[in-house]
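Just below is one structure, and these are the notes that go with it.
There are 2 protein chains.
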Amino acid sequence: MTEQRELKQAYGDQRLTHVIVHDETGRTLPTVLMIPTVMGVQQLELGFAEKLVALGYHVVVADLFGRRFTPVVDKLQAFAAMTELRSDRAALRDRLLAVLEEVRKRDHVDSARIAVIGYCFGGQCALDVARSGVDVAGVASFHGLFDPPGLPAQPIKAKVAAYHGWDDPMVPPEAVVALGQELTEAGADWQIHAYGHVGHGFTNPNAHQMGIDGVAYNEAAERRSWQSLVGFLAEVLG
Amino acid sequence: MTEQRELKQAYGDQRLTHVIVHDETGRTLPTVLMIPTVMGVQQLELGFAEKLVALGYHVVVADLFGRRFTPVVDKLQAFAAMTELRSDRAALRDRLLAVLEEVRKRDHVDSARIAVIGYCFGGQCALDVARSGVDVAGVASFHGLFDPPGLPAQPIKAKVAAYHGWDDPMVPPEAVVALGQELTEAGADWQIHAYGHVGHGFTNPNAHQMGIDGVAYNEAAERRSWQSLVGFLAEVLG
């Protein structure tokens, strides 16, 4: 059985409320830190987390915003909050690393076996964790934003996997090529999986509710990227 | 137990000698047509074929050249033979489709469930099979050449997977972007998996013996691409 409980973390004047998704055995396990989309912690991410728990991982779904958004009502607020975090990539990196350290010191977390995965804005965050040079086993981005943080480049220790919809209007082919070059120059062990006729947000069955052209669910890309993630996590956390 | 036997096919004034790799049960099975590298049918391809037989497929390793090359002795002849075939992509397409039809009518081949996979030059051939518009379930290219055939575009029915080393000196990033655009315009269900710090020929432990800069084995890329292929074949032939 999977259980969920809150993990509160003070950060500046904010109170982040992550969600720990775990099995009941209390074992120390390899751990996945999951960074949600712009909408923050939603049922979508918690569902993915439950699937990862079933595979034998301890999962923490991170709250970067210090609040829960209601998707339909709070969409503009969520985008504003994301834009604010994205406007200072050094501060965002520090926030991400603080969350990572909070997770690393938890009971039941095998601190040497942590991967960071993220969706959309969270995919960019996962890449930013790798870009920081911190020692985590792997990072994976699903329809993440690729624009570089504009910070001094660090050697990347984490293995990197990026799952990308080729028709993502926010991430054109030039950005894919640029990411490949950036990760190569940083010495990363990296892989980018691109899917044709696939837009942004392809893992989210409700992506079309965002009402943005090129943002849509794609069942095949979701299935294929998940299958690849399972292999990637087995490789880096196994 | 896996068995091998020859399958001879007259083509023009040539006699192609494919190798059928199969289990002993004589069952009709989903089938993989494998197109080898520039060096033609070698132990490398036969080894991959045996792994596919263990997964439940019937496999035909194609001879496109009408002769067997000895890798060290005949390297220049093999490249000359490949260059000749590549010089007329319409004729090459016709040759590939003739081999495909030969395979399709064989006993033990489930003619509705055929995938074509290839390595290096054979990867280009696999893509050319898809580009022909023929009805096969899937094609997969490993470190294949991406240059388009310059023939009238056809709607692509096959699902396409391409496994690509980002540092492949024969296939620069612009060619990856161009392939993505070409496959999109042809309506293909496609995926391209790119691996960082990986060159041409990454599935071949003896690739360095070619003595060409940027041609080298890469264990991680071989393992990851094989793992993905297994999922791809299960999807398209399952």
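Heads up: the sequence lines are chains A and B, in that order. For the first sequence, position 184 matches number 190 in our numbering, and the numbering has no gaps at all. For the second sequence, position 228 matches number 234 in our numbering, and the numbering has no gaps at all. We put the CB at the ideal spot given by N, CA and C, even for glycine.
What distance in whole Å lies between the Cβ atoms of residue 143(A) and residue 61(A), which are believed to be in contact at a cut-off of 8 Å? As a working note, residue 61(A) is residue 55 in the first sequence. As a working note, residue 143(A) is residue 137 in the first sequence. Going by Cβ atoms, the distance from residue 61(A) to residue 143(A) rounds to 15 Å, so no, they are not a contact pair.
Residues of chain A with a CB under 9 Å from the CB of residue 183(B): which are they? In the second sequence, the residue the question calls residue 183(B) occupies position 177. Correct list: 179, 180, 182, 183.
Between residue 212(B) and the rest of its own chain, which residues show a CB-CB distance below 8 Å, the 5 nearest in sequence each way excluded? Counting from one through the second sequence, the residue named residue 212(B) turns up at place 206. Closer than 8 Å at Cβ, skipping near neighbours: 50, 77, 223.
Count the CB pairs spanning the segment 101–114 of chain A and the segment 56–75 of chain A that are closer than 8 Å, and state whether there are at least three. Counting Cβ pairs under 8 Å, three or more are found: they touch.
Chain A beta carbons: is any one of them nearer than 7 Å to that of residue 160(B)? Within the second sequence, the letter at position 154 stands for residue 160(B). No - not a single Cβ of chain A is within 7 Å of the one on residue 160(B).
Less than 7 Å between CB atoms is the rule here; does residue 4(B) satisfy it with respect to chain A? Past the boundaries of the shown model lies residue 4(B); chain B is included only from 7 to 244, so the question cannot be answered.
Alpha helix (DSSP H) segments (min. 4 residues) lying fully within the segment 164–196 of chain B: List check, alpha helix (DSSP H) in window: 179–191.
Does the segment 116–136 of chain B come close enough to the segment 27–46 of chain B that 3 or more CB-CB pairs lie under 8 Å? yes
Near residue 116(B), which residues of its chain fall below 7 Å by C-beta distance, leaving aside the five closest residues on each side in sequence? Taking the second sequence and counting its residues from 1, one reaches residue 116(B) at position 110. Correct list, in chain order: 34, 35, 36, 37.
Compare the C-alpha of residue 59(B) against each of 9(B), 88(B), 159(B), 13(B) and name the closest. Mapped onto the second sequence, residue 59(B) falls at position 53. The shortest Cα separation from residue 59(B) among 9(B), 88(B), 159(B), 13(B) belongs to 9(B).
When 192(A), 70(A), 201(A) are compared against residue 174(A), the one with the closest alpha-carbon: As a first step, residue 174(A) must be located in the first sequence, where it is residue number 168. Among 192(A), 70(A), 201(A), the Cα nearest to that of residue 174(A) belongs to 201(A).
Starting from the beta carbon of residue 234(B), find every residue of chain A whose beta carbon is closer than 7 Å, and list them in chain order. Residue mapping note: residue 234(B) aligns to position 228 of the second sequence, counting from 1. Going along chain A in sequence order, the residues near residue 234(B) (Cβ under 7 Å) are 234.
Rounded C-alpha distance that separates residue 6(A) from residue 96(B): In the structure as shown, chain A starts at 7 and stops at 244, and residue 6(A) therefore has no counterpart that could be examined.
Helix, strand or coil at residue 49(B) [DSSP, three-state]: By 1-based counting over the second sequence, the position of residue 49(B) is 43. Reduced to three states, the DSSP call for residue 49(B) is helix.
I'd like to know whether the C-beta of residue 190(A) is nearer than 7 Å to at least one C-beta of chain B. Locating residue 190(A) in the first sequence gives position 184, where the first residue counts as 1. At least one chain B Cβ lies under 7 Å of residue 190(A).
Against chain B, with Cβ distances strictly below 7 Å, would residue 202(A) count as a contact? The residue you call residue 202(A) lines up with position 196 of the first sequence. It does; some Cβ of chain B falls within 7 Å.
Cβ separation of residue 254(B) and residue 169(B), assumed to be a contact under 8 Å, to the nearest whole Å: This structure cannot settle anything about residue 254(B), because the visible part of chain B is limited to 7 through 244.
Quick one: is residue 186(B) near chain A, going by C-beta distance under 7 Å? Residue mapping note: residue 186(B) aligns to position 180 of the second sequence, counting from 1. Residue 186(B) counts as touching chain A.
Between which two residues does the beta strand (DSSP E) containing residue 14(A) stretch? Taking the first residue of the first sequence as position 1, residue 14(A) is located at position 8. 8–17 is the span of the beta strand (DSSP E), which, as asked, contains residue 14(A).
Since I believe residue 188(A) is in contact with residue 154(A) (beta carbons under 8 Å), could you give me their beta-carbon distance rounded to a whole number of angstroms? If you number the first sequence from 1, residue 154(A) lands on position 148. If you number the first sequence from 1, residue 188(A) lands on position 182. Going by Cβ atoms, the distance from residue 154(A) to residue 188(A) rounds to 6 Å, so yes, they are a contact pair.
Are the beta-carbon atoms belonging to residue 69(A) and residue 24(A) less than 7 Å from one another? Along the first sequence, read from residue 1 onward, the residue named residue 69(A) stands at position 63. Along the first sequence, read from residue 1 onward, the residue named residue 24(A) stands at position 18. In contact: residue 69(A) and residue 24(A) (Cβ atoms closer than 7 Å).
On the DSSP letters alone, give me the boundaries of the alpha helix (DSSP H) that residue 21(A) sits inside. Numbered from its first residue, the first sequence carries residue 21(A) at position 15. Note, residue 21(A): premise wrong, no alpha helix (DSSP H); beta strand (DSSP E) at 20–29.
Would residue 141(B) pass as a contact of residue 163(B) if the rule is Cβ separation under 7 Å? Working through the second sequence from its first residue, we reach residue 141(B) at position 135. Working through the second sequence from its first residue, we reach residue 163(B) at position 157. Yes, the pair counts as a contact, with Cβ atoms nearer than the cut-off.
With DSSP run on the structure shown, which of helix, strand or coil describes residue 64(A)? Here residue 64(A) refers to the residue found at position 58 when the first sequence is read from its first residue. Correct three-state label for residue 64(A): strand.
List the residues of chain B whose Cβ lies closer than 8 Å to the Cβ of residue 195(A), in chain order. Start at 1 with the first residue of the first sequence, and residue 195(A) comes out as number 189. Under the 8 Å cutoff, chain B gives 202, 203, 226.
Excluding the 5 residues flanking residue 20(A) on each side, which residues of the same chain have their C-beta closer than 6 Å to its C-beta? Within the first sequence, residue 20(A) is the residue found at index 14, counting from 1. So the list reads 72, once near-sequence residues are dropped.
Interface residues of chain B facing residue 237(A) [CB-CB closer than 7 Å]: Position 231 of the first sequence, counted from the start, is the residue given in the question as residue 237(A). Near residue 237(A) (Cβ distances below 7 Å), the residues of chain B are 233.
Relative to the alpha-carbon of residue 100(A), which residue among 190(A), 135(A), 176(A) has its alpha-carbon at the smallest distance? One-based indexing of the first sequence puts residue 100(A) at position 94. The shortest C-alpha separation from residue 100(A) is found at 135(A).
Can you pull the DSSP bridge partners for residue 124(A)? Residue 124(A) sits at position 118 when you count from the first residue of the first sequence. 41(A), 147(A), per the DSSP bridge assignment.
Taking residue 80(B) as the reference, which of 46(B), 105(B), 53(B) has the closest Cα? Here residue 80(B) refers to the residue found at position 74 of the second sequence. Closest by alpha carbon: 46(B).
Near residue 48(A), what residues of its chain come up, given a Cβ to Cβ distance below 6 Å and the 5 sequence neighbours on each side ignored? Here residue 48(A) corresponds to residue number 42 of the first sequence, with the count starting at 1. Nothing listed; no residue qualifies.
Compute the Euclidean distance between the alpha carbons of residue 165(B) and residue 145(B), then round it to the nearest angstrom. By 1-based counting over the second sequence, the position of residue 165(B) is 159. By 1-based counting over the second sequence, the position of residue 145(B) is 139. Answer to the nearest angstrom: the Cα atoms are 6 Å apart.
Shortest alpha-carbon distance to residue 108(B) belongs to which of 149(B), 14(B), 221(B)? Sequence index remark: in the second sequence, residue 108(B) carries index 102 (1-based). The residue among 149(B), 14(B), 221(B) with its C-alpha nearest the C-alpha of residue 108(B) is 14(B).
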